[in-house]
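*Asks:*
Residue numbers (this note's numbering): 1201 to 1305.
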């Protein structure tokens, strides 16, 4: 018997809104782009001086997060996103573990 897990993909409007609340560091008067968010996350991760491999992200990764294809990045990436976007919790950014259910939230 095979088990097929069907997951509904929904856009992460909270993350998109948080990104758009940030000013663009390169284009005054505009909001932060996906590429700028990726650059800021990468810079934060490099500054952590964490041992081992440091994840690298790009604008396509941010796009997949915003489209809801990725819902639960690794802990280092969630920390970087919270820092860059000024969020206190993962929930503020619409990030949620796929292992959590409505009963455990």
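No residue lacks a Cβ here, since even glycine has one placed at the ideal position from N, Cα and C.
DSSP on residue 1280, reduced to helix/strand/coil?
*Replies:* Numbered from 1 along the chain shown, position 80 holds the residue referred to as residue 1280. DSSP places residue 1280 in helix when its eight states are reduced to three.
*Asks:* Measure the beta-carbon distance from residue 1216 to residue 1269 and round it to whole angstroms, keeping in mind my assumption that it falls under 8 angstroms.
*Replies:* Translated into the one-based positions of the chain shown, residue 1216 becomes position 16. Translated into the one-based positions of the chain shown, residue 1269 becomes position 69. With a Cβ gap of about 13 angstroms, residue 1216 and residue 1269 do not count as contacting.
*Asks:* Classify residue 1229: buried if its beta carbon has 16 or more other beta carbons within 10 angstroms, exposed otherwise.
*Replies:* In the chain shown, the residue the question calls residue 1229 occupies position 29. Exposed.
*Asks:* Which of the three DSSP states is assigned to residue 1223 in this structure?
*Replies:* Locating residue 1223 in the chain shown gives position 23, counting from the first residue. Strand, per DSSP.
*Asks:* Taking 7 angstroms as the threshold (C-beta atoms), are residue 1280 and residue 1254 in contact?
*Replies:* Sequence index remark: in the chain shown, residue 1254 carries index 54 (1-based). Sequence index remark: in the chain shown, residue 1280 carries index 80 (1-based). No, the pair does not count as a contact, with Cβ atoms beyond the cut-off.
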